[in-house]
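To keep things clear, I will list the structure first and then write my remarks on it.
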Amino acid sequence: GGGPEPGPGPEWVRLAARPGGPEAWAAGAGAEAWGGCAAVGLRGAHQAENARLAAAALLCLGRAGWPEGRDWPALARALAAWRLPGRFQVVPGGGGGGRAAVLDGAHTPLAAAALAAEVRRAFPGRPVAAVLAVARDKDAEAVAGALLGGLGGALVLAACAEVPVAGGWARALPAADLAAAAARALRR
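Take any residue in the sequence shown, count from 1 to its spot, add 51: that is its number in the working numbering.
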């Protein structure tokens, strides 16, 4: 087709099914007209999977008669423009040396594991310092274990912080409690 081709840099989601491939089944009328591929504005394989699920849902709506579910070029534009602050948001560091901070709101073990995998993929061979804060109502030990354990040998420093959650301190897990949970997780 005449659409974009996957390449390095942004994540890509293929919306046209390929037999035996890992792509989503979101093929439909019009997808082939632009190549069936779309760049995904958010980084990470897990975000590409989210995009595939959203595209599949839109395709189902299109099959049910919703015209928005048949506008593949609009879907491609929307996926490419997709941004969400705090979801693998890379902030370049000052002072040279290629330093960067990654801001991410991962708050479940599965999300923390996906974050660790994306950090390793995006910054191969680079040392990682992690600053972790977790809400009181989350499984701090499991989240810390998934993130810190998932970073493996790249992890050179882990710091625990206490920050406001949803604009207040009531749900904030104290840093000392989080540090104890992280230590337990890393001993496992």
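Backbone N, C-alpha and C fix where the C-beta goes; we use that ideal spot for every residue, glycine too. None of these values were measured; they are calculated from a predicted model.
In the structure shown, Ala152 falls within a strand segment according to DSSP collapsed to helix, strand and coil.
Gly92 is a Cβ neighbour of Arg134, given a cutoff of 7 Å. For Gly219, the pairing in a beta bridge is given by DSSP as Val216. The C-alpha of Leu202 lies about 29 Å from the C-alpha of Gly218. Under the criterion of beta carbons closer than 8 Å, Ala125 and Ala89 do not qualify as touching, at roughly 10 Å.
Judged by pairs of C-beta atoms under 8 Å, the segment 106-126 does not touch the segment 134-148, as fewer than three such pairs exist. Scanning Glu169, Ala232, Ala231, Leu130 for the CA closest to the CA of Leu154 turns up Glu169. Rounded to whole angstroms, the Cβ separation of Leu206 and Ala163 is 13 Å, and the two are not in contact under 8 Å.
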